[in-house]
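Below is one structure; the comments refer to it alone.
Structure below.
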């Protein structure tokens, strides 16, 4: 077989170029920390990692929604706790007024005190987060409760009958508050209606009526407590979802990392192997090409 | 006695010519397309009564050692290689403009818009959420516009490059025409124009990188070239190819002077035409499809909802613009972010049901059975997948070319060491013949001195 100089040189150049190309690849893999950066580095890995990234973004957004929801739910829950405390106070006064030992003057003072509590309750339940009134249902742009003599219980209602929700997952919505309509409907009549009845009975010095109102007051407290615990369940659910998304995020990041990140051990051993090949090619080249018949002529 | 002079003269002449062939080989060792030449010697003799008298040496032929089958095969492979190289080059450009390694690609932009709607569903009254949503939507439309412009720019550049390639093809054809002439002339005189033959091999290999063709050697020694079954170079004359381009319909044709269409399917030119006519318009249309789906799907849902200020049903994207180049957000929404519909019920500011429906669109397989973001990922990866495919094919093709190259080089390549040893051989032969001559001279001198 004839082996010409051009052939040797061509082979050498081809090997060197191949080597350098591979070196370049290893270098970029090592310095960027990623083995798949562009679609051409691994079309399948690239596409799969991008689709998982989309899923991570979606879940991160759900997490954001859940935190927004949690913030508002906690505020609503605080307001409900406050409401329960106030209602217990009202009930205390009611029990005191219902006994025969109190006189009419005392009862009138109580009536005024309960009126004060009612006003506080209204402002407590008008709590807002940003622009959003938490107990206004989906009508959250409008103040839900307003003192108005002409309305039931002396308090007007602007709330809608639907609860505000957040999107907490694909097809998963969670109520983040209780709407005003639901809150006021105690099963024993309107919440503010019951308070108003108590005030009227106290003003009228009517111990019989006051005694009859005692179970209503209990029902009112029970109702609000029920609502608060319903909200508490949702808060727990949101906290759980948040944690779930957090752990799923870690798992998905790990999956992406497996697909696109550099395997350093592999890359370094490749580099070493390549370096040896490259250096040998250089050394062989210099010796090979100095061997010529020309030197002996 | 006189024959001694004749014999040594033939030896001197033969050695000299052989030496010149060898030195020509040496200096052309690196000339592309050069074919190694060998001197074929034969003895001269004469049949006399009872014995055969040797009368010296003669050069009967200087042979050109080349495997022409190999050349044909090699040109086919070169043509395929150039086709793939050109496609890879364009796909590389496209990949760089469609996908980045820093993120911020089309898939992210679409996904961010869905995020913004998801956020809006949780906080439908928050103005900052609405502002962010509009900014995400405009970034998405801007991204689509950018991608579209990049693709169009690539298409323009490609057209220019294809026209240049056609010119190069015409130049090479013209050069082969001239080489044909000198080869024919030499052959008519019973000779072989080796330099022209070698140059023609080189020109044909150049041509094979530009376009796919078939060759036929005629009896006169000229080469005829056909492209796509149409003769573009006959024995006497090369035709001129003229590009005939319709940029609107993305149609690139080549015509001869007589109006015949030449179909090119290989080489650099074939790749350029295929990219220009098919691959690039395909990418553009898939981008347009995404834009159109975005407009129709978002608008269909958005029209059912209500903004914060009034009960007017509005489109989210302007329905009059449905391509990637001109997609835009409805100007009413750009001017007043409160018009983004988040609520499914009129007048309910805290209702985010519609925004939730829009956010849920990201899970719907609306485009050929795939989700919008998945389709976007597949679009931005298309050039990369093609590129990675081509690269692995090119590697195999390169190895094949290398193999053929080795085969041809074995036959036609110049080994300098070999030539140097030949040189020594012919030098010795020359010295030997010269010695014979001086011996004959001395013999004559001896004879003459006797007479004196």
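Residue numbers (this note's numbering), protein chains in the order written: chain U, 1 to 297; chain P, 1 to 452.
Idealized CB from N, CA, C, for every residue including glycine.
Delimiting residues of the beta strand (DSSP E) encompassing residue i
| i | result |
| --- | --- |
| residue 342 of chain P | Taken as a continuous stretch (DSSP letters only), residue 342 of chain P belongs to no beta strand (DSSP E), as it is neither H nor E. |
| residue 408 of chain P | Unbroken run through residue 408 of chain P is the alpha helix (DSSP H), 372-412; no beta strand (DSSP E). |
| residue 156 of chain U | 155-157 |
Collapsed DSSP secondary structure at residue i in the structure displayed
| i | result |
| --- | --- |
| residue 23 of chain U | helix |
| residue 215 of chain P | strand |
| residue 242 of chain P | strand |
| residue 43 of chain P | strand |
| residue 255 of chain P | strand |
| residue 134 of chain P | helix |
| residue 34 of chain P | coil |
| residue 140 of chain U | coil |
| residue 35 of chain U | coil |
| residue 135 of chain U | coil |
| residue 52 of chain P | strand |
| residue 189 of chain P | coil |
| residue 427 of chain P | helix |
| residue 169 of chain P | helix |
| residue 435 of chain P | helix |
| residue 143 of chain P | helix |
| residue 147 of chain U | strand |
| residue 3 of chain P | helix |
| residue 235 of chain P | coil |
| residue 226 of chain P | strand |
| residue 220 of chain P | coil |
| residue 63 of chain P | strand |
| residue 101 of chain P | coil |
| residue 415 of chain P | coil |
| residue 261 of chain U | strand |
Neighbour-count burial assignment, residue i, 16 or more Cβ in a 10 Å radius
| i | result |
| --- | --- |
| residue 276 of chain U | exposed |
| residue 296 of chain U | exposed |
| residue 288 of chain U | exposed |
| residue 291 of chain U | exposed |
| residue 300 of chain U | Limits of chain U in this structure are 1 at one end and 297 at the other, which puts residue 300 of chain U out of reach. |
| residue 172 of chain P | buried |
| residue 253 of chain U | exposed |
| residue 14 of chain P | buried |
| residue 164 of chain P | exposed |
| residue 435 of chain P | exposed |
| residue 362 of chain P | buried |
| residue 302 of chain P | buried |
| residue 306 of chain P | buried |
| residue 409 of chain P | buried |
| residue 251 of chain U | exposed |
| residue 58 of chain U | buried |
| residue 279 of chain U | exposed |
Start-to-end residues for the alpha helix (DSSP H) that takes in residue i
| i | result |
| --- | --- |
| residue 85 of chain P | 68-98 |
| residue 273 of chain U | 264-290 |
| residue 96 of chain U | 43-98 |
| residue 113 of chain U | 104-125 |
| residue 201 of chain P | 194-210 |
| residue 2 of chain U | No alpha helix (DSSP H) holds residue 2 of chain U; DSSP gives it neither H nor E. |
| residue 114 of chain P | 106-122 |
| residue 29 of chain P | Neither: residue 29 of chain P is in no alpha helix (DSSP H) and is coded neither H nor E. |
| residue 272 of chain P | 267-274 |
Residue i at chain C interface by Cβ criterion, 8 Å
| i | result |
| --- | --- |
| residue 413 of chain P | The displayed structure is made up of protein chains U and P, and chain C is not among them. |
*Could you list the residues in the stretch 143-172 of chain U with a C-beta less than 8 Å from some C-beta on chain P, going in chain order?*
Those residues of the stretch 143-172 of chain U that come within reach of chain P (Cβ to Cβ, closer than 8 Å) are 160, 162, 164, 165, 166, 167, 170, 171.
*Proximal residues, the stretch 29-49 of chain U versus chain P, C-beta separation under 8 Å*: Of all residues in the stretch 29-49 of chain U, only 32, 34, 37, 38, 39, 40, 41, 42, 43, 46, 47 place a beta-carbon less than 8 Å from a beta-carbon of chain P.
*Whole beta strand (DSSP E) elements within the stretch 167-211 of chain U, 3-residue minimum*: Segments of the beta strand (DSSP E) lying fully in the stretch 167-211 of chain U: 172-175.
*Taking Cβ-Cβ distances below 9 Å as the criterion, which residues of the stretch 398-411 of chain P are in contact with chain U?*
Going along the stretch 398-411 of chain P in chain order, one finds 398, 402, 405, 406, 409, 410, 411 with a Cβ nearer than 9 Å to chain U.
_Contact residues within the stretch 361-375 of chain P, judged by C-beta distance below 7 Å to chain U_ = Residues 362, 363, 373, 374.
*Listed from N- to C-terminal order along the chain, which residues in the stretch 336-354 of chain P have their beta-carbon within a distance smaller than 8 Å of any beta-carbon of chain U?*
Within the stretch 336-354 of chain P, the residues whose Cβ lies closer than 8 Å to some Cβ of chain U are 343, 345, 347, 348, 349, 350, 351, 352, 353, listed in chain order.
*Can you give, in chain order, each stretch of the alpha helix (DSSP H) that sits fully within the stretch 213-259 of chain U and has at least 4 residues?*
Every candidate alpha helix (DSSP H) stretch fails here, since none sits fully inside the stretch 213-259 of chain U while reaching 4 residues.
*asked:* Any C-beta of chain U within less than 7 Å: which residues of the stretch 34-66 of chain P qualify?
replied: Answer set for the stretch 34-66 of chain P: empty.
*Against chain U: residues of the stretch 81-96 of chain P by CB proximity under 7 Å*: Answer set for the stretch 81-96 of chain P: 95.
_For a minimum of 4 consecutive residues, which ranges assigned as the alpha helix (DSSP H) are wholly contained in the stretch 294-359 of chain P?_
Within the stretch 294-359 of chain P, the complete alpha helix (DSSP H) runs of at least 4 residues are 331-335.
*Of the residues that make up the stretch 279-293 of chain U, which ones have a beta carbon closer than 7 Å to any beta carbon in chain P?*
Along the stretch 279-293 of chain U, the positions whose C-beta sits under 7 Å from a C-beta of chain P are 292, 293, read in chain order.
*What residues from the stretch 263-293 of chain P come within 8 Å of chain U, judged by C-beta to C-beta, listed N to C?*
Those would be none; no residue qualifies.
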